[in-house]
Amino acid sequence: MSVLHRIRVWVRNPKNYVILGAVSASLVGIAKACPLLFPSHLYRPIMEAYKGGKRIQPSMSQIQEFEDVCMELGIKTDSFSTFITSQWDLKVKGLPFLPSGVQYGIPLLFVDEPVLSNTQFAENVRVNLASEEGSRFKQSLQLSVKARKFALAKGVVHAHQCFAAYPVLFAPVAVVAGFASTFTVQVIAGMFPLSVTAFFVGSAFFCTYRYLTGVLNKHHDLKSDQIVAKLGQSYVEGGIEFYEKNLQRNKALRILLGTKGEKLYSYYGNVTPGVIWSRGAALTVKRENLVQILKSLNVK
């Protein structure tokens, strides 16, 4: 009797099948939860910026802006640990109610006069920052205090609302549902081998999971904007500037990176979404929502 045949016989046992489903769901849940449970060990070392072998520390102005944002939101900074990331966007991971707290990565470029020394942005592609598009790209990185505070506030809200926990909780549920559906289909219409049924049902549930997490990401993205917008007109104006600068940056990169840029960014500057998954709402949608909020504030 071959090993594969023994495995098939073992899996066909309902009790063993339940055990396999439970173990699979647990492993998926653990894999998804680990970066949230241990962000200082599994996330921060990857995202943190270094110079000369030493960590780059947040400047006094960056710390002050972060603390001002938290104070205006009414959120304590005790559960947040700030660090500097070399990425262009905020890098936030963790849950505020856990002992490890939230690791909050502030971009190195979040200063009044950002310095851009690296010209390699995608694999082996180097860009010409002296060109017209290069100049537009550099301008897109210069954010006002209002724009920076909007971005910082959105990151704080996203962490404080524990939005990152939803996909983690949803993942093992999707795995259990997939196993249960596979078993049900096999019992009702067992004309195909279990492996074939598991493949098609599993693929369907994986696509469904990716699609629903994309929808969830969009919802939380827009909800975070709405919460930050309640802080006042200054934050709304900062948000509009922030998204306009992001669109300007992406449109410039679309040209600077050539074919790679055309794949990453749309003509309007939005990040190209996946076929069934999206990291969040489109930049143009978020900007337009804030424009409408600003109009309503001006009417009042």
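The sequence shown begins at 137 in this note's numbering and counts up by one.
Cβ coordinates follow ideal geometry from the N, Cα and C atoms, glycine included.
Check                                                                                                                                                                        : Outcome
Among Ala365, Leu393, Arg415, whose alpha-carbon lies nearest the alpha-carbon of leucine 430?                                                                               : Ala365
Return the chain-ordered list of same chain residues with a C-beta closer than 6 Å to the C-beta of glutamate 259, the five sequence neighbours on each side being excluded. : The pLDDT assigned to glutamate 259 is 48, lower than 50, so where the model puts this residue is not dependable; a value taken from the coordinates is nonetheless given after this. The answer is none, since no qualifying residue turns up.
Residues in the same chain with beta-carbon distance under 8 Å from leucine 156, minus the five sequence neighbours each way, listed in chain order, please.                 : Val147, Phe315
Here's the rule: buried if 16 or more other CB atoms are within 10 angstroms of the residue's CB, otherwise exposed. What is phenylalanine 336?                              : exposed
Using the Cα positions of glycine 270 and leucine 173, report the straight-line distance between them to the nearest angstrom.                                               : 40 Å
Can you give me the Cβ contacts of phenylalanine 216 inside the same chain, cut-off strictly under 7 Å, excluding the 5 residues immediately before and after it?            : Gly237, Val238, Tyr240
Starting from proline 235, follow the alpha helix (DSSP H) in both directions and report where the run begins and ends.                                                      : Unbroken run through proline 235: none, as it is neither H nor E.
Could you please give the first and the last residue of the uninterrupted alpha helix (DSSP H) stretch that includes threonine 213?                                          : Neither: threonine 213 is in no alpha helix (DSSP H) and is coded neither H nor E.
Inspect the beta-carbon positions of lysine 190 and alanine 307 and report whether they are closer than 7 Å.                                                                 : no
Hey, how far is the Cα of lysine 290 from the Cα of aspartate 361?                                                                                                           : 7 Å
Using CA atoms only, rank isn't needed, just tell me which of Asn149, Val228, Tyr153 is closest to proline 181.                                                              : Val228
Of the choices Thr349, His355, Gly374, whose alpha-carbon is the least far from that of tryptophan 413?                                                                      : Thr349
CB isoleucine 211 to CB leucine 244, shorter than 7 Å?                                                                                                                       : no
So what's arginine 284 in DSSP terms, helix, strand or just coil?                                                                                                            : helix
Using beta-carbon positions only, say whether alanine 161 and valine 311 come within less than 7 Å of one another.                                                           : yes
Assuming leucine 265 contacts isoleucine 242 under a Cβ cut-off of 8 Å, what Cβ separation, rounded to an integer in Å, is found between them?                               : Contact doesn't hold; Cβ gap of about 23 Å is too wide.
Beta carbon of leucine 209, beta carbon of valine 292: below 7 Å?                                                                                                            : yes
Using the three-state DSSP reduction, which class does arginine 346 fall into: helix, strand or coil?                                                                        : helix
When you compare only the Cα positions, how much space is there between aspartate 357 and asparagine 382?                                                                    : 15 Å
Going by other Cβ atoms of all chains shown within 10 Å of its Cβ, with 16 needed for buried, is leucine 163 buried or exposed?                                              : exposed
Would you kindly work out how many angstroms separate the C-alpha atoms of phenylalanine 246 and threonine 218, rounded to a whole number?                                   : 13 Å
Once DSSP output is grouped into helix, strand and coil, what is the label at glutamate 259?                                                                                 : Residue confidence is low: glutamate 259 scores 48 on pLDDT, short of 50, so the model does not pin down where it sits. Its coordinate-derived value is still stated next. Looking at glutamate 259 - three-state DSSP - the assignment turns out to be coil, as it is neither helix nor strand.
Which residues does DSSP list as the beta-bridge partners of tyrosine 186?                                                                                                   : Arg191
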